[in-house]
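Participant: Positions 1 to 239 (the UniProt record's numbering) are the ones given, in order, by the sequence shown.
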Amino acid sequence: MTDLPINQLEGFQPISRRQVSGEVARQIQHLIATRRMKAGDRLPTERELAAALGVGRGAVREGVKLLAGLGIVEVRQGSGTYVRESQRIVLLDPSLVGSSEGLRLLKQATAVRRLIDCAAVELAATAARPEDLAEISAYLERAESEPLRTKLAHAIDLTFEAMIGRAGGNPYLEAVQAEAHRYFRAAWEQQGFMPRPAADRSAQHWAILHALERRDPQEARARMEEHFDLQALDRDETA
């Protein structure tokens, strides 16, 4: 057996204490996600976590402190560490679960996005100002000439829908839409789907805009529903 020369190890970087605690925090998040722990559930003890992770108890304490700072867990003196926000971390980081569970989360995120965006487009059909529609039209024209439009397909979709949300003039709906889009983006990017052909997506966007310009809420909603119906979430299809 040949020993590896020491000069070939120069690429390694020392593992800092912070890196270890960050990995501990990630592993605890994974535990919460895969066991579907709910708010109020107690985590294993510090000693048990240290033994399972093969690290010192100090690293576990630091990892728990990171999660507590994010509001994910709560440390109760003399009682233990309890889950505060279980599902939220999975929604924002679907990499914590397996591919099949991640796909399920993506389908759920898409269903919520559909509900909100269909309501938003129906509202915008009557509430949007002429300048709102002109801005959306200009955006679609720019998107068609964007050289990275295929790679940025989901970003183009979400920006288009967000502009419709703003055009509706309801800040509460706009805020809920922004949260739904944030969760969708996290789930989408974890799954690694390729986007639909740019021409198909563009045609759907223009059809929605034309319905808005005709001030027809029913048609606008129908075109948005169609837009979502044409989005496939199977592994061998585009979305």
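Note that CB positions come from ideal geometry on N, CA and C, so glycine has one too.
Using the rule of at least 16 other Cβ atoms within 10 Å of the residue's Cβ for burial, across every protein chain shown, is D229 buried or exposed?
Facilitator: Taking the sequence shown and counting its residues from 1, one reaches residue 229 at position 229. By the 10 Å Cβ count, D229 comes out exposed.
Participant: Using 10 angstroms around the beta-carbon of D41, count the other beta-carbons present and answer buried if the total reaches 16, otherwise exposed.
Facilitator: Here residue 41 refers to the residue found at position 41 when the sequence shown is read from its first residue. So D41 counts as exposed.
Participant: Is V24 near V55, with beta carbons less than 8 Å apart?
Facilitator: Walking along the sequence shown from the start, residue 24 turns up at place 24. Walking along the sequence shown from the start, residue 55 turns up at place 55. Their beta carbons are under 8 Å apart, which means V24 touches V55 by this criterion.
Participant: By how many angstroms is the C-alpha of E135 removed from the C-alpha of A120?
Facilitator: Walking along the sequence shown from the start, residue 120 turns up at place 120. Walking along the sequence shown from the start, residue 135 turns up at place 135. Computed Cα separation, rounded: 17 Å.
Participant: If you reduce the DSSP assignment to three classes, tell me which class T81 lands in.
Facilitator: Mapped onto the sequence shown, residue 81 falls at position 81. Strand at T81.
Participant: Indicate the three-state DSSP secondary structure (helix, strand or coil) for E219 in the structure shown.
Facilitator: Stepping through the sequence shown from its first residue, residue 219 is reached at position 219. It is helical.
Participant: Is F184 closer than 8 Å to A127 when the C-beta atoms are compared?
Facilitator: Within the sequence shown, the letter at position 127 stands for residue 127. Within the sequence shown, the letter at position 184 stands for residue 184. Going by C-beta atoms, A127 is not nearer than 8 Å to F184.
Participant: Does the beta-carbon distance from I28 to G63 come in below 8 Å?
Facilitator: Stepping through the sequence shown from its first residue, residue 28 is reached at position 28. Stepping through the sequence shown from its first residue, residue 63 is reached at position 63. Taking 8 Å as the Cβ cut-off, I28 and G63 qualify as a contacting pair.
Participant: Could you work out which residue in L67, M37 and R114 is closest to G22 when comparing CA atoms only?
Facilitator: On the sequence shown, position 22 is the one that residue 22 refers to. Of the listed residues, the one whose Cα sits closest to G22 is L67.
Participant: Would you list the residues sitting across from E74 in a DSSP beta bridge?
Facilitator: On the sequence shown, residue 74 is found 74 positions in, with the first residue counted as 1. BP columns for E74 point to Y82.
Participant: Using a threshold of 8 Å, state whether the C-beta atoms of H154 and W188 are closer than that.
Facilitator: As a working mapping, residue 154 is identified with position 154 in the sequence shown. As a working mapping, residue 188 is identified with position 188 in the sequence shown. Yes, they are a contact pair.
Participant: Quick check: the Cα distance between G78 and T45, rounded to an integer number of angstroms?
Facilitator: Taking the first residue of the sequence shown as position 1, residue 78 is located at position 78. Taking the first residue of the sequence shown as position 1, residue 45 is located at position 45. Taking the straight line from one Cα to the other gives about 11 Å.
Participant: What do you get for R35, buried or exposed, if any count of 16 or more other CB atoms within 10 angstroms of its CB means buried?
Facilitator: The count along the sequence shown starts at 1 and reaches residue 35 at position 35. The residue is exposed, with fewer than 16 neighbouring Cβ atoms inside 10 Å.
Participant: For A211 and A198, which I take to be in contact (beta-carbon distance under 8 Å), what is that distance rounded to the nearest angstrom?
Facilitator: Position 211 of the sequence shown, counted from the start, is the residue given in the question as residue 211. Position 198 of the sequence shown, counted from the start, is the residue given in the question as residue 198. About 21 Å separates the two Cβ atoms, so there is no contact after all.
Participant: Starting from the Cα of Q204, find the closest Cα among P217, R215 and E225 and give me that residue.
Facilitator: Within the sequence shown, residue 204 is the residue found at index 204, counting from 1. Among P217, R215 and E225, the Cα nearest to that of Q204 is on E225.
Participant: Straight-line CA distance for R214 to R129?
Facilitator: Within the sequence shown, numbered from 1, the residue matching residue 214 stands at position 214. Within the sequence shown, numbered from 1, the residue matching residue 129 stands at position 129. About 12 Å.
Participant: Please report the straight-line C-alpha distance between L123 and D117, rounded to a whole angstrom.
Facilitator: One-based indexing of the sequence shown puts residue 123 at position 123. One-based indexing of the sequence shown puts residue 117 at position 117. Looking at the two C-alpha atoms, the distance is approximately 10 Å.
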